[in-house]
Amino acid sequence: MLKTTPTLSALEPKKLIPPMPATALVQLDRVNLSFNDNKVLSDINLNLHANEIVTVIGPNGAGKSSLVSLIIGLQSPSQGSITRKKNLRIGYMPQKLAIDPQLPLSTRRFLSLCGNSSRLQHAIKRLSIECLLNTPVQKLSGGEMQRVLLARAIMQNPELLVLDEPAQGVDVTGQAELYHLLGELRHELGCGVLMVSHDLHIVMAQTDQVLCLNKHVCCHGAPESVSQHPEYLQLFGRQAAEDIAIYTHHHDHQHDIHGDVVEQQAASNHSHCSHNHS
Amino acid sequence: MPDFLIYALISAFAIAIVAGPLGAFVVWQRLAYFGDTLAHGALLGVALGLFASINITLAITLCCLSLAAILLWLQRSPQLGDDSLLGLLSHSALAAGLVSVSLMGNSVDLFSYLFGDLLTTDASDTILIVTVCMMVLGILCVFWRKLLLSVIDANLAKVEGIPVALMRALLLFAIAIVVAFAMRVVGVLLITAMLIVPAVASRRLTQSPESMAIGASIIGCIAVAMGMWASYWYATPAGPSIVLAASGIFVITLFKKHC
Chain A
-12 MLKTTPTLSA LEPKKLIPPM PATALVQLDR VNLSFNDNKV LSDINLNLHA NEIVTVIGPN
48 GAGKSSLVSL IIGLQSPSQG SITRKKNLRI GYMPQKLAID PQLPLSTRRF LSLCGNSSRL
108 QHAIKRLSIE CLLNTPVQKL SGGEMQRVLL ARAIMQNPEL LVLDEPAQGV DVTGQAELYH
168 LLGELRHELG CGVLMVSHDL HIVMAQTDQV LCLNKHVCCH GAPESVSQHP EYLQLFGRQA
228 AEDIAIYTHH HDHQHDIHGD VVEQQAASNH SHCSHNHS
Chain B
510 MPDFLIYALI SAFAIAIVAG PLGAFVVWQR LAYFGDTLAH GALLGVALGL FASINITLAI
570 TLCCLSLAAI LLWLQRSPQL GDDSLLGLLS HSALAAGLVS VSLMGNSVDL FSYLFGDLLT
630 TDASDTILIV TVCMMVLGIL CVFWRKLLLS VIDANLAKVE GIPVALMRAL LLFAIAIVVA
690 FAMRVVGVLL ITAMLIVPAV ASRRLTQSPE SMAIGASIIG CIAVAMGMWA SYWYATPAGP
750 SIVLAASGIF VITLFKKHC
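Sequence lines, in order, name chains A and B. Residues in the first sequence are numbered from -12 upward in steps of one, following my numbering. Residues in the second sequence are numbered from 510 upward in steps of one, following my numbering.
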């Protein structure tokens, strides 16, 4: 798992994999995942850095959750290598918890199980969940559960925050709040963020990099360039893309030069169009 | 009070105390069917013990532990770990046990294995049961936080560095051992009730995982006292009387307004 493969990229000059910067938290190098003969993910290359929000989007069954399992180490790749920073602290926020109703567990107890009290107090304040502390975790609403799970994730003082469909079952206002909060937390904690979503609209605005996944990386880059990519349009339809274009237009935050080569690679093979790290 | 009654009481209390927290985990993890399968397999242990002429308790323990290992292995492939497979295993083990015990001849008192044989425990049995129960209880206490985190969400716990697979194995082996020794108290057919009924009754009265576990131990002990009292005065079988008392306590908790 901690095997480093610096020579691989040097051996293959055609693959434009940059040397791993000091801040790379997780590096996926030509990762494949199959169950029996069923190929779930093929040829995934991805670097996750501190202070960067990467969103994975894709249709149902695209392998988004499998990719998350690989990155957080719940699963091992069939082929390829995943290199993690040594002793990487990961804060993981699952889609939901299935806790048996027979387990009497208040939110306070749930949170205090996994960290010291000063971290607990900070997380409670930061996510303003004081009023939920005595509620049984099984009775939290979708939005409340998200905040509690996020509190739990930041209690790990994570270097990488991984969120699997964080907006599921949360209304639009709640989603906007959540993404805004993530944007702030990223700076407070100085951590990298990896999010999974099949919801295209609000995600884009808070994201530095978008990875469009359909068993392979369809395209990868800054939100605006991805939303114009032919493969993306094919997957999600032009209307969805226009919605996003309209939405992101309202935001004036700066994007860096990531992904601006996507257009030129449009006609090339799928497996190459992900290497647009500039 | 006659000696045999004191030994029986001490053994049953020890089992009830450890069955409290262990039963809570069985309820939280939905392992009731696992418990049943282990218990039914224990009868096969009786037959094997007689056949190999080794100590019966040792044979039952070994049988339960190997069955737990098999179940643990089967669970690795999710499509096999379902109810029907456990049902198949459970009842095949029970049938195999019944057939092989009967093939051993008439020397075996089947009834005592099916429904427990509490009143025949002697001093050495009691010491053994108490020692084993305290050891299992100790293990549960030491790993309590890790066990609890694994139960709440296995993936979350794994990412946070909890050895979830190990905790699961620990839990199943602890259940196997307690089932093997509790067989003496309530018998094959009622062991799971001894684990589950006090825990479920305690759930209705408590607000935290710890209080539910301790409450289950206390309810188990009350049930033991009531069952033994009934058994002593009305000559009812001890094991079923204890389980019936625990069920009675559960029915009473139904009247408490649940919050």
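All C-beta atoms, glycine included, are put in the ideal place defined by N, C-alpha and C. Here the structure is a predicted model, which means the values were calculated and not measured.
With fewer than 16 other Cβ atoms from the protein chains shown falling within 10 Å of its own Cβ, Ala744/B counts as exposed. Contact between Thr630/B and Arg693/B holds: their C-beta atoms lie close to 6 Å from each other, under 8 Å.
Within the stretch 109 to 188 of chain A, the runs of beta strand (DSSP E) that reach at least 3 residues and sit entirely inside it are, in chain order, 147 to 151, 179 to 184. With a cutoff of 8 Å on beta-carbon distance, Ile751/B and Ile728/B are scored as not near each other.
Using beta-carbon distances, Ser52/A does not count as an interface residue toward chain B, since no partner is under 8 Å.
For Thr42/A, the beta-bridge partners assigned by DSSP are Met182/A, Val197/A. Contact check for Ser609/B against Ala556/B passes: the beta carbons are separated by less than 8 Å.
Across the stretch 83 to 99 of chain A, CB contacts with chain B closer than 8 Å involve Leu84, Ala85, Ile86, Asp87, Gln89, Leu90, Pro91, Leu92, Ser93, Arg96, Phe97, in sequence order along the chain. Counting every other CB atom within 10 Å of its CB across the protein chains shown gives Lys202/A a total of 16 or more, marking it as buried. In the DSSP assignment, His600/B falls outside any beta strand (DSSP E) and lies within the alpha helix (DSSP H) extending over 592 to 612. 8 Å or more divides the Cβ of Leu200/A from the Cβ of Leu98/A. Residue environment: Arg71/A is assigned as buried (16 or more neighbouring CB atoms within 10 Å of its CB, all protein chains considered). Taking 8 Å as the CB threshold, Cys101/A lines the interface with chain B.
Taking a Cβ-Cβ threshold of 7 Å, the residues of chain A close to Thr715/B are Pro91, in chain order.
Per DSSP, the beta-bridge partners of Ser68/A are Asp16/A. Of all residues in the stretch 45 to 72 of chain A, only Ser56, Ile59, Gly60, Leu61 come within less than 9 Å of chain B when Cβ atoms are compared, listed by chain position. Under the three-pair Cβ rule at 8 Å, the stretch 542 to 550 of chain B counts as touching the stretch 575 to 584 of chain B. Arg139/A counts as buried, since at least 16 other C-beta atoms from the protein chains shown sit within 10 angstroms of its C-beta. Just measuring C-alpha positions, the residue of Gly177/A, Ser184/A, Gly208/A sitting nearest Leu165/A is Ser184/A.
Taking the Cα positions, Gln538/B is about 46 Å away from His216/A. Within chain A, the residues whose beta carbon sits less than 7 Å from that of Asn664/B are Leu61, Pro81, listed in sequence order. Among the residues of chain B, none has a CB under 9 Å from the CB of Gln155/A; the nearest is roughly 16 Å distant. Taking a Cβ-Cβ threshold of 7 Å, the residues of chain B close to Ile77/A are Val668, in chain order. In this structure, DSSP gives Asn664/B a helical state, which the three-state scheme calls helix.
If the five residues before and after Ala710/B are omitted, its C-beta is found closer than 6 Å to the C-beta atoms of Ile728, Ile758, Phe759, Thr762, all from its own chain and listed in chain order. If you check the CB distance, Thr94/A and Thr194/A do not come in under 8 Å.
Under DSSP, Lys26/A takes part in a beta bridge, and its partners are Ser21/A. The three-state reading of DSSP puts Met80/A in strand, counting E and B together. Residues of chain B whose Cβ lies closer than 8 Å to the Cβ of Gln125/A do not exist, since the nearest Cβ in that chain is about 11 Å away. Taking 8 Å as the threshold, the shortest C-beta distance from Gln133/A to chain B does not fall below it. Per DSSP, the continuous beta strand (DSSP E) segment holding His207/A begins and ends at 204 to 208. At a C-beta separation below 8 Å, Leu657/B has these neighbours in chain A: Leu100. Interface annotation for the stretch 719 to 737 of chain B against chain A: Met721, criterion Cβ-Cβ distance under 7 Å.
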